[in-house]
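Asks:
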Amino acid sequence: MNKEVLVRTKEYQILEKRINSFLQGYKQNLALLGPSFSGKTHLIETFLENNLLSKKFIFLYTDLEFSTFPNFTFQVFSSLLFYYLKQKEKFINDYNLDTLILESQEFIPKTIEKIKSILTLSHSKERASWEQIAQVLDTFTDETQQKLIFVIENFTLLKNFSKKFLLDLAKYITLQKNIMFIFRRRSKKEAENILSEELNLIFGSFEKIYVGNCSPYYALT
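Residue numbering for the sequence shown follows our numbering, starting at 28 and increasing by one per position.
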């Protein structure tokens, strides 16, 4: 285990235990809460670094800060393809979605076909829905036979999307067994309020992992 993670051994072990349980068929979604420079990012990055090439799962990361719904859609697709290619040891420095689609086409043609069909919506007045994004994720897990760990940074901003989006996402989180969700937020108080009130009725129970302050030397965010 990296030196930096020793500061967060307890939290790392909880994260590792929950993810390993998920890979064995038991899913518990997580809410990782703590202030800036508390080590939340480093916990996940270290776990990812230690497990990515094992091909047990694919990591998917999105950040809702300053994010519109179209931008969220692009983030989902770009992150999915980027980490998929990285796992296959095709290290692409370009995070451009067109490049990622081109590099992934031969490996996951069905997934790419779904992505392309949704991207055509950006050239029309129609907008992609969560159901369409979910179709991409479902196609990907079926095509690769791999599970996904979906991290949503600044998850409290989900409330800025439509109620239909939230309800569709909540249903998907409940029913989809091959995708584990990890919500993250810097403001512990705001996150707890939303999890216990506004989003609790929609998303149900998320296990909370609290990450307190530590030296910025050991924590990235």
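Ideal Cβ positions, reconstructed from N, Cα and C, are used throughout, including at glycine.
Should the stretch 165-184 be called in touch with the stretch 87-106, which here means at least 3 C-beta pairs below 8 Å?
Replies: yes
Asks: Does the pairing of the stretch 120-134 with the stretch 104-111 give three or more beta-carbon distances under 8 Å?
Replies: yes
Asks: Where do the N-terminal and C-terminal ends of the beta strand (DSSP E) with residue 87 fall, by residue?
Replies: As a first step, residue 87 must be located in the sequence shown, where it is residue number 60. Run containing residue 87: 84-90, per the beta strand (DSSP E) assignment.
Asks: Residue 141: which of 123, 84, 119, 168 sits nearest, CA to CA?
Replies: Here residue 141 refers to the residue found at position 114 when the sequence shown is read from its first residue. For residue 141, the nearest C-alpha among the options comes from 168.
Asks: Which residue wins for smallest C-alpha separation from residue 123, given the options 138, 103, 115, 116?
Replies: Your numbering for residue 123 matches position 96 in the sequence shown. It is 103 whose Cα lies nearest to the Cα of residue 123.
Asks: Rank 194, 188, 232 by C-alpha distance to the C-alpha of residue 209 and give the top, closest one.
Replies: For this step, residue 209 is matched to residue 182 along the sequence shown. For the residues 194, 188, 232, the minimum Cα distance to residue 209 belongs to 232.
Asks: How many angstroms separate the CA atom of residue 137 from the CA atom of residue 87?
Replies: By one-based count along the sequence shown, residue 137 stands at place 110. By one-based count along the sequence shown, residue 87 stands at place 60. When rounded, the distance between both Cα atoms is 18 Å.
Asks: Is it buried or exposed, residue 40, if we count other Cβ atoms within 10 angstroms and call 16 or more buried?
Replies: Working through the sequence shown from its first residue, we reach residue 40 at position 13. Answer is exposed; the Cβ neighbour count stays below 16.
Asks: Given a cut-off of 8 Å on the beta-carbon distance, is the pair residue 111 and residue 85 in contact?
Replies: Here residue 111 refers to the residue found at position 84 when the sequence shown is read from its first residue. Here residue 85 refers to the residue found at position 58 when the sequence shown is read from its first residue. Contact: yes.
Asks: Using the three-state DSSP reduction, which class does residue 174 fall into: helix, strand or coil?
Replies: Locating residue 174 in the sequence shown gives position 147, counting from the first residue. Strand, per DSSP.
Asks: Helix, strand or coil: which one does DSSP assign to residue 64?
Replies: Here residue 64 corresponds to residue number 37 of the sequence shown, with the count starting at 1. Reliability of the predicted coordinates at residue 64 is poor, the pLDDT of 43 falling under 50, and the value obtained from them is presented with this limitation in mind. If DSSP states are grouped into helix, strand and coil, residue 64 belongs with coil.
Asks: Buried or exposed, going by whether 16 or more other CB atoms sit within 10 Å of the CB of residue 202?
Replies: The residue given as residue 202 occupies position 175 in the sequence shown. Classification for residue 202: exposed.
Asks: Measure the CB-CB distance between residue 38 and residue 178 and report whether it falls below 8 Å.
Replies: Counting from 1 along the sequence shown, the entry for residue 38 is found at position 11. Counting from 1 along the sequence shown, the entry for residue 178 is found at position 151. No.
Asks: With distances taken from CA atoms, which of 146, 139, 193 is nearest residue 100?
Replies: Locating residue 100 in the sequence shown gives position 73, where the first residue counts as 1. Ranking 146, 139, 193 by CA distance to the CA of residue 100 puts 146 first.
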